[in-house]
Every structure is written in structure tokens, then in C-alpha cells.
Amino acid sequence: MALSRAHPTSANGNSKRGAKHIKKQGSASVLYAALDLGTNSCRMLIAKPDGFNFVIVDAFSKSVRLGSDLERTGVLSQAGVSRTLQALHVCARKIRKYGVLRMRLVATEACRRAKNGKSFLDKVTADTGLKLELISPAEEARLAIISCAPLLEPEVSQVLVVDVGGGSTELVWIDLSNVPNQDRTKAMMTMAPSNKDRRNFLGKNSNAKIVDWISVPSGVATLHQKFSDVEDDSARFALMSCYFEDQITEFKPYLKSYSKGALKDFQIIGTSGTITTLGAAHLGLRKYDRDKVDGLNLTANDVDQVVNRFLKLGPEGRKTEPGIGKDRSELIMSGSAIIQTLLRIWPTERMRVADRGLREGILYSLMIADNVLDGGNHG
Numbered sequence: 000m001a002l003s004r005a006h007p008t009s010a011n012g013n014s015k016r017g018a019k020h021i022k023k024q025g026s027a028s029v030l031y032a033a034l035d036l037g038t039n040s041c042r043m044l045i046a047k048p049d050g051f052n053f054v055i056v057d058a059f060s061k062s063v064r065l066g067s068d069l070e071r072t073g074v075l076s077q078a079g080v081s082r083t084l085q086a087l088h089v090c091a092r093k094i095r096k097y098g099v100l101r102m103r104l105v106a107t108e109a110c111r112r113a114k115n116g117k118s119f120l121d122k123v124t125a126d127t128g129l130k131l132e133l134i135s136p137a138e139e140a141r142l143a144i145i146s147c148a149p150l151l152e153p154e155v156s157q158v159l160v161v162d163v164g165g166g167s168t169e170l171v172w173i174d175l176s177n178v179p180n181q182d183r184t185k186a187m188m189t190m191a192p193s194n195k196d197r198r199n200f201l202g203k204n205s206n207a208k209i210v211d212w213i214s215v216p217s218g219v220a221t222l223h224q225k226f227s228d229v230e231d232d233s234a235r236f237a238l239m240s241c242y243f244e245d246q247i248t249e250f251k252p253y254l255k256s257y258s259k260g261a262l263k264d265f266q267i268i269g270t271s272g273t274i275t276t277l278g279a280a281h282l283g284l285r286k287y288d289r290d291k292v293d294g295l296n297l298t299a300n301d302v303d304q305v306v307n308r309f310l311k312l313g314p315e316g317r318k319t320e321p322g323i324g325k326d327r328s329e330l331i332m333s334g335s336a337i338i339q340t341l342l343r344i345w346p347t348e349r350m351r352v353a354d355r356g357l358r359e360g361i362l363y364s365l366m367i368a369d370n371v372l373d374g375g376n377h378g
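Numbering-wise, numbering that gives the first Met the number 0 puts 165 at position 166 of the sequence shown, and it's gapless, one number per residue.
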């Protein structure tokens, strides 16, 4: 039987660790799973409700490079498919081990763009029993907003949520000026499922407003692939930055007539491996520490200093730099080009680093829908 949010499963096996986490009676005993299959990584969280938050029971993350060479060939490579299937088999075993009852398993840009994306998802179901849902860019943006909402500063009335993926980058500008300060986080966390109205994420009764959102078909992997033939490191970085800016010129807040007056109470919340790497580098961490990075505030100048340091290291130096490593060294500069471009257009002293993303957004949305988070009715 395929495992998906429509098909609850029970545990196959007796795990003491799993039993320890589900022994509590009532709604809090229900375990939730959220899986995000992107262009570069396969990530899953298994969690249980805890107050107005959740506790992680188990986590999995693997660099699978599903979309490697997608920009050139238009298809998912056999090597990428093989690596991804291996990772998804691990996820399926964990779901069965813990007897997860509620789950949502999603695939994003690589499967949306690839000519063989649908056949790959069919193969995933046949081989692993996992039924992955191919979500739209709008739904991807909505989930990113939900996950980042707890990092919103109460006095902020204009917020840009940035989700830099492997194959795409989602930008959502939200106007919260008509929402009381104490209700702004809740307004973001209770976003309704998106529909045909691209600005109506927040539901008919919300005073919050989606000014605009855009899904840019450039993420860390695809942008790197596009300019991989440019040998000069600094020139490649400049080209990536210019190319990305050209892709967001139709984003409404890009117009100076709009954003000039909107930056007073403005904040950026960014989620991606790039942003967390920039945060860790700013702190000088030799070993990554989520507790220190998640929620960190970076200024435009902070990011400029880190990016300049990365450029001085060069491609070989970045491979051995603590906090970057060999696996991320090829993609860190394409991601940095995206972030630095956004901060050049909308300079701010408040960019919050979010070590969270689609998985957390899925968990929050499922738990809010089930009304299992303390603090009243969040729907």
C-alpha cells in the first residue's frame, strides 16, 4: 500500500525508541511526518505536538542531487534517481517503524520541471510504497511562510519571505500593516490553501495582504549549472547575480515606487542551506549549531563581509572551509548571489535566518488543521 497523507500506516516492528515517543494518550500521541524532496536534497521530519510547537522524534536529511544536470538535459538522471530511491527507502522504513498516522510527502521543482518527473514519482510509489505529492510553486511558498512565521518581529508590517531551493527560489511579500501587532504571527501561520487567486493565500477574513509572490526558476543547483562553464570565480558570481535580478523585475515590490516607502518596518526571513551557512560563517562556527543559527539576525553588511570572504577563498579554498565543506562548496556561491542580490535591492538591518522550511511548514499546517496545538483554535 502506498504511504501518503491519505493512507495512515501502522508500525511494522517493535521499536523501544518509537514506543517511548507515542506512549502519551490523547491527540498528542499521534505522530506526524513531513517529507520534502527537492532538487538537491531529500529531507524528512517525524514529530509530535507539544504546546504551540512540536517535538522532533526523528529526522533524516540526505544530499541526493536529484536535479543534477537537469538544466542541460531536461530530465532526471539515472544516477540522481538511484540516489533518491535509496534515501526514500530509508524514509519509508522510518515511517513504518514509528507507526506514523498523519503525513504529507511532497516533491518540488525538479519533479515539476523534468520531462520524466511523473514517471519518476510513479516509480517511487512502486519501489518504496511512498506516494509523493507534486506541489505547486504557490503551495511551496505558502508552506515556507508558515514555517518562518514564528521568526516574525511584532513591529514589522512588511515582510519578504525567501525560500532558496535547489531548483527554484520563492519570494513572497506580505503586508501586515492592517493586522494588530500581537496577531501578525498567527495571521501568517494560519494561511489557507492557495487557490487560483495568486494573492489570496491568507483567506477571505484576513487583514493581511499578499502584495505579490513569484517562483523564480533559479535555485542554487540550477543557477550553478547555468554558469558552470565560466571559469573566473568573481565573473561567474557577478553573472549569476545579474541573471537572478533580471528574473524578478516583474515582482511588484521590485518597482521602486512601491518598495521605497515600504522599508521602514521591513524584515526579510530567509530559509535555505545557503542562508544558514552564511549565518554560521558570520558567527565563525567551525561546527554547525542550529540553536545558534536559527533565528539569527543578519544585516546586509554582515552578508557582504561573508560573501567577500568566500570569494577570496576561491573554489578550492571553499572546499576545505569549516562550515561549507566539499558537498556545499559548489553551490554556496550561487545561493550567496541570490541572497546578496535581494539585500542590494531591499537593504535591511533585519534578515532573520531560518533553519526551517517546507517540512516545518507541513507539520504546523497539519497540526493546526487537526487542532492539536495548544493555544486555542488556530484555524
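For each residue, glycine too, the CB sits at the ideal point set by N, CA and C.
For clarity, every value in this text was computed on a predicted model and none was experimentally measured.
Local conformation of Y149 per DSSP, three classes: In the sequence on display, residue 149 carries Pro and not Tyr. Correct three-state label for P149: helix.
State yes or no: is the C-beta of L312 within less than 8 Å of the C-beta of E320? yes
How is V80 classed by DSSP in three states: helix, strand or coil? helix
Out of L175, D228, S214, state which residue places its alpha-carbon closest to the alpha-carbon of K208. L175
Starting from Y31 and walking both ways along the beta strand (DSSP E), at which residues does that stretch end? 31 to 36
Span separating the alpha-carbon of L297 from that of D126: 43 Å
Within the chosen definition, does the stretch 233 to 246 reach the stretch 351 to 361 through at least 3 CB pairs nearer than 8 Å? no
Tell me whether Q339 sits in a helix, a strand or coil according to DSSP, three-state version. helix
Tell me which residues share the same chain as R4 and place their Cβ nearer than 6 Å to its Cβ, disregarding the 5 neighbours each side in the sequence. Because R4 carries a pLDDT of 40, less than 50, the predicted location of this residue cannot be relied on, and the following value inherits that uncertainty. Within the same chain, R4 has close Cβ partners M102, R103.
Coil, strand or helix - E108 by DSSP: helix
Tell me whether P314 sits in a helix, a strand or coil according to DSSP, three-state version. helix
From the DSSP output, which residues share a beta bridge with I213? L170
Cα-Cα, which of D373, F265, M350, L120 is closest to N300? M350
Along the beta strand (DSSP E) that carries I45, what are the first and last residues, could you check? 40 to 49
So which of A336, A368, T38, V105 has the shortest CA-CA distance to S135? V105
Here's the rule: buried if 16 or more other CB atoms are within 10 angstroms of the residue's CB, otherwise exposed. What is L262? exposed
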